[in-house]
Amino acid sequence: MVLGLTLVSAAWLILHVYAGGMHTAGAIETVLAQSTMWISGVCILMGLVILILGIAGRRSGGMIPLSIIAAGAAVAMVIATIAYGGTVNGVLSDARRSGYTQVQMGGNHGSSNANGMIALQEKYKDAKVNYWVSDASPKTYSQLKNGVWFDGTNYFDATANIDLSRFNRWYHADGDKNRFINWCPAGQINLIVTNANVQVTLPDGCPYSFGRDGMLLDEASAIGGWGTLVRDNNVMFVTPGYSGYEWSYRPDDWFNNGKSDDDVSFQINFLQGNSGKVSVVYASDSGMPSYTDFVKSHVKNDDWASVDATTKHHYDVETGRSGPTADDKEDTNE
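The sequence shown finishes on residue 335 if you use the numbering used here, and the numbering steps up by one all the way, no holes.
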């Protein structure tokens, strides 16, 4: 009977965790919590059966193999939980120690030009996704270099688009511009992502890599996904049974763009990730609303009086209606 209950409960856990329940509602911590509660219940059940058999004066030898397996599984879950907790604490410590600005995502979070960046955050796709999109101004780019922590509540409800597709519309410092391809960014942006999906949108043909300090650490166009742990641009853990982990090569035309050192001219440093993903997409391939499209979607009947002056100015610059001002130039020195 004990074996039957154990097998039935294990089957329920597997179906609940990997066939939909956790996939849509939680992350690694949810899987660990459910699994730990399950093995705890199994151990309690076996302990009670052995205790009752002992009181009744009956042997419980048949329970010993199952008890050893359950105890081993329990120890493994404790080790996994401690290791995961240490990793999560490391993410939080790195974000705070490094001075990353935190962008809260998911649910009904909304913002306009917050966290030191020019960005808009609202519900999207019939209010099913919390969407955040930034422009390519020097102010935004400066904060991205300093570090941004995208902190969502649910991977499937938190999407960010770092839209650098109109990078050449702005006055950027020389070190922030690709010295061979003047419409492309250069330098290093630093990201931490928890329970969120982040896309970096680049102008077509711009070189990029995942890495830091000029070191190419990964040749992918996407790293991470739901159920993954990322540290220093590498996936360290994938939830067992989860096939949605994403790691893909970039297009064939990325490499060097004809220049020997272009592969590290623009780098994304994906420092830490907990059920987070960072992908790089060229503007012509992007399926997400650009900064200008998202701003325009909030203007009804061309009534720009409903939009704050900063947002309208940045929209005008990115659409070519006007040029950047001297104040925009000063952003390069922030």
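Idealized CB from N, CA, C, for every residue including glycine.
- The residue from D303, N198, H315 and S287 with its alpha-carbon nearest to that of F271 is N198.
- With contacts defined as CB atoms closer than 8 Å, K146 and G188 qualify as a contacting pair.
- Unbroken beta strand (DSSP E) runs of no fewer than 3 residues, entirely contained in the stretch 135–168, are found at 149–153 and 159–164, following chain order.
- Where Y292 is concerned, there is no enclosing beta strand (DSSP E), although the alpha helix (DSSP H) around it starts and stops at Y292 to S298.
- DSSP places T102 within a strand segment (E or B) once states are collapsed to three.
- Contact between the stretch 123–130 and the stretch 164–173 is not established, with fewer than three Cβ pairs separated by less than 8 Å.
- Segment contact: the stretch 134–146 against the stretch 107–122, three or more CB-CB distances shorter than 8 Å; contact assigned.
- The distance from the Cβ of S280 to that of A223 is about 4 Å, consistent with a contact at the 8 Å cut-off.
- A straight line joining the alpha-carbon of R213 with that of D233 spans about 9 Å.
- For E319, the uninterrupted alpha helix (DSSP H) segment begins and ends at A310 to T320.
- Shown here for V282: same chain residues with a beta carbon closer than 7 Å to its own, the five before and five after excluded, namely Q200 and T202 in chain order.
- The beta carbon of K126 sits closer than 8 Å to the beta carbons of Y132 from its chain, once the five residues preceding and following it are set aside; these are given in chain order.
- Our two residues, S36 and G225, have alpha carbons roughly 22 Å apart in a direct line.
- C-alpha of C44 to C-alpha of M78: approximately 12 Å in a straight line.
- With a beta-carbon spacing of about 5 Å, A75 and I40 fall inside the 8 Å limit used to define contacts.
- Taking all protein chains shown into account, S285 has fewer than 16 neighbouring C-beta atoms within 10 Å of its C-beta and is therefore exposed.
- The three-state secondary structure of A84, taken from DSSP, is helix.
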